[in-house]
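K.L.:
So the sequence shown is residues 18 to 537, counted in the numbering used here. Attaching a single structure in structure tokens format; questions to follow.
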Amino acid sequence: MDAGASWQSAQAALARRDIPEAQRQLRAVVDQQPAHAYARVMLAGTVLAQGRLREAVQQLQQAASLDYRDPALLLRVAQALLRVGDSEGVARLMRNACVARCNDSPTLAALAHVLQSLGLHADALQLMQRAAAVGFDSPDFHYFLGVQLQFNGELDAAEQALTRCLLLNPGHGRAALTRARLRRWRADDNHVDGLRRQLQTTATDSEDTAALWFALYKELEDLGDFPAAWDALRQGNTAMWRRLRHDRLADHAQHEAMARLAAAGTFAPIESADEEEGAQPIFIIGMPRSGTTVLERMLGNHSQVASAGELGDFAQQLRLAADQAGRALLDPALLQALPTLDYAAVGNGYLRQTRWRLDGQRRFIDKLPPNYLLAGPIARALPQAVIVYVRRDPMAVCFSNYRAMFGDSYAYSYELDALAAHHAAHTQLMQAWQRHLPGRVFEIDYEAMVRDPEAALAQVLRQCGLAPEPGASDLTRNAAATATLSSVQVREPVHARNIDEWQRYASELAPLRERLQKGR
């Protein structure tokens, strides 16, 4: 059978969901036509469907090595590479000349999303602006353009883009919420009435409705109407909780399993580990909204530190070592595989996937807060890594989670019982890391950090073997893009104004405080 016939047979097999037959036919295609990029992407998909990650990566890396003149085809390969975690390969692919020549607005916007996923926000914004210049004008496009402008610190332009999105689609909840977060609103300048009107027209439990409630909460809080703000916040969280739910028992079991592995010595250092040359990572971990971004921005001011953003590369290297496809940071199958992995290979693979981001610096920051779950594997795989845990007052960090709206991430954050239970599991695991990995997890107190940022930064720099530099704690010096919920606040000087913000709602949060005190 020739390649064309095999290609048609593969399409037919996929249509009837016969994965083994589709895979057989796709192998025949690439055997006869090694440069058939679409066939390699689809073959990788069939392999992933069977749970095998390594072969999928190999197929996609071969596809990425081809010469591309069609940006739409390059986009397809880049998106597939992102799914298997080959960020270095994606970055190399995105430097292809056909990206610079592309003038198709939907393709430009999609390529911008690829760059955004890599944390290359300045480059992503350039492609978004090129798409706008050639006439792209959909609500979602203007929403993502606004988000990218916000990440890059262009807040006035971000507000204009979000306003355009909401003109085209008044019920676009994410746009309304992002706009609400851009600045403080006043009695003579707010969207409270419009948000209330829009809430009358959207589906009760949709994500748009939830986002509109969170936006209303933010603007009412700015206006000082705290009872109405709390009601809006409660409504938004209730809508998200009904959509997502959260398995508290599974969450607790996952944390306990990691603590047991630590106690069993699974993540003990390798005595004979050779010292790895080259730049080494600084992992900043903790619960979301614990102050990790503030520390990252201060460290990023240092001449010998690069900020790589929030990377999924380490978890993906664990999956590659286990040959397990999956999108979760951790799951039962990966947990079971952890004692058997080659951690030297995990560490080397991680460094290969991240060092392309550097420009001669000695250290780089990987600030993915949930990596606290993986502190043990990180310590084993990367003996020279510095792991910094930012710990924040329980009420402050839990309230900051409850008010955040993370989308489909962190489902525990939308219900106070689940939030308290997750915080307890998180705290117990961090204590286990400190107990079983002595000296590897360096703890910073958020409240102390914002009251004396110079002292806190000096402690972390000493841990990293770096000398202090004047003015590094001044957040306003750091003009780099940032893609977190704190992207507006961290362009201001470090301050302690938000330490006790939860006390505005002390009576409403009393049940949460009681549960946290009980350690549930």
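Even glycine gets a Cβ: it sits at the ideal position worked out from N, Cα and C.
Excluding five sequence neighbours on each side, which residues of the same chain lie with their C-beta closer than 8 Å to the C-beta of alanine 220?
P.N.:
Hits under 8 Å: Thr226.
K.L.:
Hey, which unbroken runs of the alpha helix (DSSP H) at 4 residues or more fall wholly within the segment 179-245?
P.N.:
DSSP runs (the alpha helix (DSSP H)) wholly in the segment 179-245: 190-198, 209-216, 224-239.
K.L.:
Check whether the segment 426-442 and the segment 318-326 are in contact - that is, three or more C-beta pairs closer than 8 Å.
P.N.:
Too few Cβ pairs lie closer than 8 Å, so no.
K.L.:
Please confirm if the segment 352-371 is in contact with the segment 80-95, defined as three or more CB-CB distances below 8 Å between the two stretches.
P.N.:
Because the criterion of three Cβ pairs below 8 Å is not met, the segment 352-371 and the segment 80-95 do not touch.
K.L.:
Would you report the Cα separation of valine 477 and valine 405, rounded to the nearest angstrom?
P.N.:
Rounded to the nearest angstrom, the two C-alpha atoms are 8 Å apart.
K.L.:
Quick one: what's proline 298 bridged to in DSSP?
P.N.:
Partner(s): Phe381.
K.L.:
How about arginine 71 and leucine 352: do their beta carbons lie closer than 8 Å?
P.N.:
Not a contact, by the Cβ cut-off of 8 Å.
K.L.:
For tyrosine 367, tell me which candidate among Thr310, Asn515, Ser104 has the shortest Cα-Cα distance.
P.N.:
Answer by Cα proximity: Ser104.
K.L.:
Thinking C-alpha only, which one of Thr218, Gly106, Ala285, Thr371 is nearest glycine 456?
P.N.:
Minimum Cα distance to glycine 456 is reached at Ala285.
K.L.:
I need the straight-line Cα distance from glutamate 326 to cysteine 182, nearest angstrom please.
P.N.:
This sequence places glycine at residue 326; glutamate is not what is there. Going from the Cα of glycine 326 to the Cα of cysteine 182 covers about 27 Å.
K.L.:
Under the assumption that valine 511 contacts proline 470 (Cβ atoms under 8 Å), give the Cβ distance between them as a whole number of angstroms.
P.N.:
About 4 Å; that satisfies the 8 Å criterion.
K.L.:
How about tryptophan 202 and glutamate 171: are their beta carbons less than 8 Å apart?
P.N.:
Not a contact, by the Cβ cut-off of 8 Å.
K.L.:
What three-state label does DSSP hand serine 417 in the structure shown?
P.N.:
Serine 417: helix per DSSP, three-state reduction.
K.L.:
Measure the CB-CB distance between arginine 521 and phenylalanine 243 and report whether it falls below 8 Å.
P.N.:
Taking 8 Å as the Cβ cut-off, arginine 521 and phenylalanine 243 qualify as a contacting pair.
K.L.:
By alpha-carbon positions, which one of Pro156, Phe161, Asp121 ends up nearest to alanine 150?
P.N.:
Nearest option by C-alpha distance: Asp121.
K.L.:
Between Gln146, Asp348, Leu529, Ala193, which has its C-alpha nearest alanine 274's C-alpha?
P.N.:
The shortest Cα separation from alanine 274 among Gln146, Asp348, Leu529, Ala193 belongs to Asp348.
K.L.:
Out of Leu128, Arg420, Leu194, point me to the one whose CA is closest to tyrosine 160's CA.
P.N.:
For tyrosine 160, the nearest C-alpha among the options comes from Leu194.
K.L.:
At what residues does the beta strand (DSSP E) containing alanine 323 begin and finish?
P.N.:
Taken as a continuous stretch (DSSP letters only), the beta strand (DSSP E) holding alanine 323 covers 322-324.
K.L.:
Can you give me the C-alpha to C-alpha distance between alanine 345 and valine 101, rounded to a whole angstrom?
P.N.:
Roughly 12 Å between the two C-alpha positions.
K.L.:
Within its chain, find whatever has a CB closer than 8 Å to the CB of alanine 437; leave out the 5 residues flanking it on each side and keep chain order.
P.N.:
The answer, listed in chain order, is Cys415, Leu529, Arg532, Leu533, Arg537.
K.L.:
At the level of alpha carbons, what is the spacing between alanine 139 and valine 131?
P.N.:
In a straight line, the C-alpha of alanine 139 is about 12 Å away from that of valine 131.
K.L.:
Just curious, the beta strand (DSSP E) that glutamate 464 is in, first and last residue?
P.N.:
Segment 463-468 is the alpha helix (DSSP H) holding glutamate 464; no beta strand (DSSP E) there.
K.L.:
Could you tell me the boundaries of the alpha helix (DSSP H) in which isoleucine 36 lies?
P.N.:
It spans 36-49 - the alpha helix (DSSP H) in which isoleucine 36 sits, taken as one unbroken run.
K.L.:
Please go through the same chain and pick out, in chain order, the residues whose beta-carbon is closer than 7 Å to the beta-carbon of glutamine 378, but skip the five residues on each side of it.
P.N.:
Answer for glutamine 378: Ala296, Gln321, Val322, Ala323, listed in chain order.
K.L.:
Would you call aspartate 383 buried or exposed, if buried means 16 or more other Cβ atoms sit within 10 Å of its Cβ?
P.N.:
By the neighbour-count rule (16 or more Cβ atoms within 10 Å), aspartate 383 is buried.
K.L.:
Hey, could you find the ends of the alpha helix (DSSP H) arginine 100 is sitting in?
P.N.:
From DSSP, the alpha helix (DSSP H) with arginine 100 extends over 88-100.
K.L.:
Since proline 411 and threonine 309 are thought to touch, with beta carbons under 8 Å apart, how far apart are those beta carbons, to the nearest angstrom?
P.N.:
At roughly 16 Å, the Cβ-Cβ gap does not stay under 8 Å, so proline 411 and threonine 309 are not in contact.
K.L.:
To which residues of the same chain is alanine 245 closer than 7 Å at the C-beta, ignoring the five residues directly before and after it?
P.N.:
So the list reads Leu237, once near-sequence residues are dropped.
K.L.:
Smallest Cα separation from alanine 332: which of Val458, Asp376, Tyr389?
P.N.:
Alanine 332 has its Cα closest to that of Tyr389, out of Val458, Asp376, Tyr389.
K.L.:
How is tyrosine 538 classed by DSSP in three states: helix, strand or coil?
P.N.:
The chain is shown only over 18 to 537; residue 538 falls outside these bounds and no answer can be derived.
K.L.:
Check whether the Cβ atoms of proline 156 and leucine 185 sit closer than 8 Å, and answer yes or no.
P.N.:
Yes, the Cβ-Cβ distance between proline 156 and leucine 185 is below 8 Å.
K.L.:
In three-state terms, what does DSSP make of valine 458?
P.N.:
Strand, per DSSP.
K.L.:
Given the structure, does phenylalanine 331 come close to the ligand MG, in the sense that its CB is under 7 Å from one of the ligand's heavy atoms?
P.N.:
This structure simply doesn't include the ligand MG, nor any ligand for that matter.
K.L.:
Grouping DSSP H, G and I as helix and E and B as strand, with all else coil, what is glycine 21?
P.N.:
Correct three-state label for glycine 21: helix.
K.L.:
Count the other C-beta atoms from every protein chain shown that fall within 10 angstroms of the C-beta of alanine 280, then say buried if there are 16 or more, exposed otherwise.
P.N.:
The residue in question, alanine 280, is exposed, as its Cβ has fewer than 16 Cβ neighbours within 10 Å.
K.L.:
Unbroken beta strand (DSSP E) runs of length 3 or more, entirely within the segment 112-158: which are they?
P.N.:
Whole beta strand (DSSP E) segments, 3+ residues: zero.
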